[in-house]
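Student:
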Amino acid sequence: MTTQADISREIDELRGSGGPQPRLDYPPYRSSVLRHPTRDRQLVDPEGVELWAPCFGHADVAATEADLTIQRSGEPLGERMVVTGRITDGEGRPVRNQLVEIWQANASGRYWHQRDQHPAPLDPNFVGAGRCLTDSDGVYSFQTIKPGAYPWRNHVNAWRPAHIHFSLFGTDFTQRLVTQMYFPGDPLFDLDPIYQSITDPKARELLVATYDHDLTTPEYRLGYRWDIVLSGTHRTPLEEE
Amino acid sequence: MSIAPGQTVGPFLHLGLTVEGGNLLVPPGHPDAVRLHGRVLDGAGAGVPDSAIEIWQADGSGRVPRATGSLHRDGFTFTGWGRSQTDGDGNYWFSTLVPGATSPGRRPFIAVTVFARGLTDRLFTRAYLPGDEPDPLLDGLEPGLRDTLIVSREERGLLFDIHLQGEGETVFLSYPRQAR
Numbered sequence: 001m002t003t004q005a006d007i008s009r010e011i012d013e014l015r016g017s018g019g020p021q022p023r024l025d026y027p028p029y030r031s032s033v034l035r036h037p038t039r040d041r042q043l044v045d046p047e048g049v050e051l052w053a054p055c056f057g058h059a060d061v062a063a064t065e066a067d068l069t070i071q072r073s074g075e076p077l078g079e080r081m082v083v084t085g086r087i088t089d090g091e092g093r094p095v096r097n098q099l100v101e102i103w104q105a106n107a108s109g110r111y112w113h114q115r116d117q118h119p120a121p122l123d124p125n126f127v128g129a130g131r132c133l134t135d136s137d138g139v140y141s142f143q144t145i146k147p148g149a150y151p152w153r154n155h156v157n158a159w160r161p162a163h164i165h166f167s168l169f170g171t172d173f174t175q176r177l178v179t180q181m182y183f184p185g186d187p188l189f190d191l192d193p194i195y196q197s198i199t200d201p202k203a204r205e206l207l208v209a210t211y212d213h214d215l216t217t218p219e220y221r222l223g224y225r226w227d228i229v230l231s232g233t234h235r236t237p238l239e240e241e
Numbered sequence: 001m002s003i004a005p006g007q008t009v010g011p012f013l014h015l016g017l018t019v020e021g022g023n024l025l026v027p028p029g030h031p032d033a034v035r036l037h038g039r040v041l042d043g044a045g046a047g048v049p050d051s052a053i054e055i056w057q058a059d060g061s062g063r064v065p066r067a068t069g070s071l072h073r074d075g076f077t078f079t080g081w082g083r084s085q086t087d088g089d090g091n092y093w094f095s096t097l098v099p100g101a102t103s104p105g106r107r108p109f110i111a112v113t114v115f116a117r118g119l120t121d122r123l124f125t126r127a128y129l130p131g132d133e134p135d136p137l138l139d140g141l142e143p144g145l146r147d148t149l150i151v152s153r154e155e156r157g158l159l160f161d162i163h164l165q166g167e168g169e170t171v172f173l174s175y176p177r178q179a180r
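Residue numbers (UniProt numbering), protein chains in the order written: chain L, 1 to 241; chain B, 1 to 180.
1) Counting only runs that start and end within the stretch 196-226 of chain L, where is the beta strand (DSSP E) found for 3 or more residues in a row?
2) Quick one, which of L:D123, L:D6 and L:Q180 has its alpha-carbon nearest L207 (chain L)'s?
3) Cα separation between N125 (chain L) and L77 (chain L)?
4) Might you give, ordered along the chain, the residues of its own chain that have their beta carbon closer than 8 Å to the beta carbon of I162 (chain B), omitting 5 neighbours on each side?
5) Using 7 Å as the threshold, is the C-beta distance between D135 (chain L) and H72 (chain B) below it?
6) Suppose contacts are defined by Cβ-Cβ distances below 7 Å. Is T102 (chain B) in contact with G57 (chain L) by that definition?
7) Is the beta carbon of V178 (chain L) closer than 7 Å to that of T88 (chain L)?
8) Could you spell out where the alpha helix (DSSP H) holding Q114 (chain L) opens and where it closes?
9) At a Cβ cut of 7 Å, what residues of the stretch 160-178 of chain L count as close to chain B, listed as they run along the chain?
10) Taking the beta strand (DSSP E) that H165 (chain L) falls in, what are its first and last residues?
11) Given 8 Å as the limit, is there contact between the stretch 18-28 of chain B and the stretch 78-98 of chain B, that is, 3 or more CB pairs closer than that?
12) For residue 251 (chain L), which option in L:F142, L:G16, L:R41 and L:L34 has the closest C-alpha, if you only look at C-alpha atoms?
13) Suppose contacts are defined by Cβ-Cβ distances below 7 Å. Is T68 (chain B) in contact with C55 (chain L) by that definition?
14) May I have the straight-line CA-CA distance separating P31 (chain B) from A127 (chain B), to the nearest angstrom?
15) Check the C-beta distance from D175 (chain L) over to T233 (chain L) and give it rounded, since I have them as a contact under 8 Å.
16) Using only CA atoms, which one of L:A203, L:Y211, L:S231 and L:D227 lies nearest to P20 (chain L)?
17) Could you please give the first and the last residue of the uninterrupted beta strand (DSSP E) stretch that includes A129 (chain L)?
18) Cutting at 8 Å between CB atoms, please list the residues of its own chain near D200 (chain L), excluding the five before and the five after it.
19) Whose CA, out of B:G80, B:F76 and B:S51, lies closest to the CA of A58 (chain B)?
20) Assign A105 (chain L) to buried or exposed, taking buried as 16 or more other Cβ atoms, counted over all protein chains shown, within 10 Å of its Cβ.
21) For the stretch 57-83 of chain L, which residues have a CB atom closer than 9 Å to at least one CB atom of chain B, in sequence order?
22) Give me the DSSP bridge partner(s) of N91 (chain B).
23) Taking all protein chains shown into account, decide if E20 (chain B) is buried (16 or more other Cβ within 10 angstroms of its Cβ) or exposed.
24) Let's test the definition: count the other Cβ atoms within 10 Å of the Cβ of Y220 (chain L) and tell me whether it reaches 16, buried, or not, exposed.
25) For A158 (chain L), which residues of its own chain have a beta-carbon under 6 Å away from its beta-carbon, when the five flanking residues on both sides are left out?
26) Name the residues in the stretch 161-180 of chain B whose C-beta lies less than 9 Å from a C-beta of chain L; which are they?
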């Protein structure tokens, strides 16, 4: 039986051992053991289709899909919040009109998913999935409910810090990113092998949103800001549309 | 720049990454439709049931689609992008077109991204068509590794298994300007 103390020891041993991206081989996250490639990734210059990304438009995504609190007949339970931020590429240019998808647990830490058997209540008014397009300045915005922490079976008494899954596209295929946004000051950070699979503390902090009182709406919702930098592009400016 | 690190899609990826008809780049009844399919396998040779595969490719003439509508499939427009989740045995499949070369004399390939529970970050690879054209990536790999990037042709199909680890481990790619 693996305890939190065992996992925490393993996490400590691997601190600082990787770069700014998560380690693919990260045994404290037990599911990674048989699922990480053992050879280094092959460095290659992108070409052809890799220099472009799929295109999304308003036929693809309705404006209402960015509001996760209006998808069912009633108001979901929990702490209403807005999360917004700007997506830029490695050169600081905004990523315009590009797709952002999110999914998350409800306020009780339960996912709207068959495989989630956590004995916390489902909320009939909260599914927990949304999407939007960034605007002409690269800004995305979602209204949602603050997700709860939840248990998982990596080890005994394993709990994930509250997070929202984000899926992002850039202007090149090679900028594709799926990650998780966390909330400031979460006491579970040090204990969580998924968050700690990024062994560089400065890189980890990039996934933590900032509470922003200027985004908070009086008597309605709290505001969080989370800006995201994708990797650099490979196209020259001449190729830009 | 402070490039955001990736994180696993986790076990509930279906909640956020489901797109209706996402694996149908063309309807299966399209006269030129082929099935691109395969299994995602772990280091013990077991299928990975909680994985998603995305593809991005040119059409049959090598044209890279530039029109919006990649999520909303109208049944006629080829938008070149697709997403398939694996089933309980780790199988994924797409109905798509055989891509043409995006520049003359080059070997056509389909760009592939792999996501899974247990995979801390997404992986990139390429699914090449069999052929003789020179290719800087393939030509620099020893045959055993090169073969992991080449699809097998079937009647009306292309087979491309993805081995995350172990025997036949797929060659995964990184690109300049990405954080490592």
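Where is the CB? At the ideal position from N, CA and C, for every residue including glycine.
Keep in mind that this is a model prediction, so the values were computed, not measured.
Tutor: Let me lay it out:
1) Segments of the beta strand (DSSP E) lying fully in the stretch 196-226 of chain L: 222-225.
2) L:Q180
3) 8 Å
4) Result list for I162 (chain B): G38, R39, V40, L41, I53, V112, V114, T125 and T170, in chain order.
5) no
6) no
7) no
8) Run containing Q114 (chain L): none; DSSP gives neither H nor E here.
9) H165, S167, F173, T174, R176, L177 and V178
10) H163 to L168
11) yes
12) Limits of chain L in this structure are 1 at one end and 241 at the other, which puts residue 251 (chain L) out of reach.
13) yes
14) 22 Å
15) For clarity, residue 175 (chain L) is Gln in the given sequence; the question names Asp instead. That belief holds up - the Cβ atoms of Q175 (chain L) and T233 (chain L) are roughly 7 Å apart, short of 8 Å.
16) L:A203
17) A129 to L133
18) Taken in chain order, the residues that qualify are G16, G18, G19 and P20.
19) Among B:G80, B:F76 and B:S51, the Cα nearest to that of A58 (chain B) belongs to B:G80.
20) buried
21) G57, H58, A59, D60 and V61
22) B:R39
23) Classification of E20 (chain B): exposed, given that the 10 Å Cβ count is below 16.
24) Flag for Y220 (chain L) reads exposed.
25) W152
26) H163, L164, Q165, G166, E169, T170, V171, F172, L173, S174, Y175, P176, R177, Q178, A179 and R180
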